[in-house]
Structure formats: C-alpha cells, structure tokens
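Numbers in the numbering used here are just positions in the sequence shown, counted from 1, shifted up by 966.
Notes follow once the structure below has been shown.
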Amino acid sequence: MTQELAPEPAELAPPVPRRAPGTGLRSRPELRIAGRDTAVDLAAAERAAADFLAALGVDADRAGLRETPARMARAYAELFDAQPLQLTTFPNDEGYGELVLARAIPFRTVCEHHLLPFSGVAHVGYLPGERILGLSKLARLVEHFAARPQTQERLTKQVADCLAERLHPPGTGVVLEAEHSCMTVRGVRALGSTTVTSAFTGTLSTDAGARAEFLALAGLTG
Ligand code: ZN
C-alpha cells in the first residue's frame, strides 16, 4: 500500500477571490485543498519500528510480533494519509440565512506529543452567505485536517479557518469533544475525561446570541 503524507500544516490552494453579488455566482469556484506529494517510505518506517521495539526491550522475534513493525508502519501511514479535498459549493438560491450545522461528526487523529490516538466528535457549522457547501464536505474537512499528527486546538482552528477562508460565510463555528489516550491510558489515567475546544469566526465570534444558538443546536447547552 503506497501512501502519501499530507503537509504539516496543509498547503492550501490560493483562496478564491470574493465575487461581487450577481457576478459569476453560477460558476463553480475551485475550492481545492491540496495533499502533499511526499512519498511514504514504508520499508524505512518498518525498520525504524523494529528498532524502536528493540530499544524498548520488546522481543519482536516472538511469533506474534514478527509482523508488528510492518503493521505499525502501515497503521501510522494510514493515520497520516490526508487526501486532497475538493470543496463543492452551490449558490445559496433560497437565500437561506440560518445556521447550517453538522453535529457529532466522529473523528480520530493522533496527538503530536505522544503519537497516541485521540478521538471524539466534531460539531461544524456556518452561517450561509452567497454560497453553501455540500453537506458531506463538513465531515470531509474534519477528516482531512485530522489525518496528520495534531493538537486538538489546532485541528479545531484549522477547520474553522478553512471554512471561513474558502466559503466566506458570515460566520463559522467548530466545537470538538475528544478523549485523548495519552491522558486516559498513561500519565494521569483520567479515564472518561474529555477535552472540549472551540473556534468561532465572524458573526459567530462577535454575536453571543448566534454563538448560543450554535451551542444549543449542537446539543452542548441546557
Ligand atoms: Zn498526547
């Protein structure tokens, strides 16, 4: 399996310039987020994984562990496999002006401090402007930015900022709730604890009422 690593941070294609109302709204702007063309060297990763296990005193010659370095290499290649992303948008013909929110999008990623997984749900929304986004793209955005070593704070902000920069909506909001295995299976072993992060732009950042509505629709209040 050949995998390609995504850049860290992602290299974004140049943002689409804002269009004046009524000009070119029917065209389909190119909202493409690039992956990166750095090839993954699975053989080198496998050798390094074998060295890593040996250095930790793990007997990798034991029958059950013989394939483990190769599996480790493939597992991390899969976790870091950010694909290029095409953000399909449509003209907001109905003039829909209320919040669009995708709630509880499951995600998993790897913390960049320990290279241990953290996972949870993302609530991603925006107030529509001239264009609206294909609904599945909200989940794809999370998936794209999660496919690399991450911090929860950065992942939250990257999704919100990307939406803001590419779609130019009046406001965006992202809330992530996640359980970090580096906190639950080691260190403080805070089993069951979750970490919540949020990022808001535009109206959702400045208007407390709009933000409260976002949090209520996401099921995060009351
Ligand atoms: Zn960690």
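Quick reminder that beta carbons are idealized off the backbone N, C-alpha and C, glycines included.
This structure is a prediction, so every number in the text was calculated from the model and none was measured.
- A contact between stretches requires three or more CB pairs, one per stretch, nearer than 8 Å, and the region 1086 to 1102 fails this requirement with the region 1028 to 1041.
- Inter-residue distance for Glu1012 and Asn1058 is about 49 Å (C-alpha atoms, whole angstroms).
- Note: Gly1139 is bridge-paired with Gly1091, Phe1166 in the DSSP secondary-structure output.
- Your pair Leu1051 and Arg1106 checks out as a contact, with CB atoms roughly 6 Å apart and the cut at 8 Å.
- Secondary structure remark: continuous beta strand (DSSP E) runs of at least 3 residues inside the region 1080 to 1126, in chain order: 1083 to 1093, 1097 to 1099.
- Looking at the backbone, the Cα of Ala1043 and that of Ala1020 are separated by about 21 Å.
- Burial state of His1146 is buried, judged by a 10 Å Cβ sphere holding 16 or more other Cβ atoms.
- The region 1129 to 1144 and the region 1162 to 1172 touch, with three or more beta-carbon pairs separated by less than 8 Å.
- Annotated as distal: Thr1150 and Gln1118, with beta-carbon spacing of 7 Å or more.
- Annotation: the continuous alpha helix (DSSP H) that includes Leu1045 extends over 1034 to 1045.
- A buried status is given to Pro1094, since no fewer than 16 other beta-carbon atoms sit within 10 Å of its beta-carbon.
- By the 16-neighbour rule on beta-carbons within 10 angstroms, Thr1075 is buried.
- When only Cα atoms are considered, Arg1040 and Ala1010 end up about 11 Å apart.
- The DSSP-derived three-state label of Leu1183 is helix.
- Short note on Cys1128: C-beta not closer than 6 Å to any heavy atom of the ligand ZN.
- In terms of Cα proximity to His1079, the closest of Gly1030, Gln1049, Glu1131, Gly1153 is Gly1153.
- Sorted by position in the chain, Cys1077, His1079, His1080, Leu1082, His1146, Cys1148 make up the residues whose C-beta lies under 6 Å from a heavy atom of the ligand ZN.
- Scanning Cys1077, Ala1068, Phe1111, Glu1060 for the CA closest to the CA of Gln1049 turns up Phe1111.
- The residues Leu997, Lys1103, Arg1132, in chain order, have a CB closer than 6 Å to that of Leu1053 in the same chain once the five nearest residues on each side in sequence are set aside.
- Shortest Cα-Cα distance from Leu1186 to any of Ala1016, Arg1032, Glu1143 involves Glu1143.
- The straight-line gap separating the alpha-carbon atoms of Pro1115 and Ala1126 is approximately 18 Å.
- With a threshold of 16 other beta carbon atoms within 10 Å, Ala1176 meets it and is buried.
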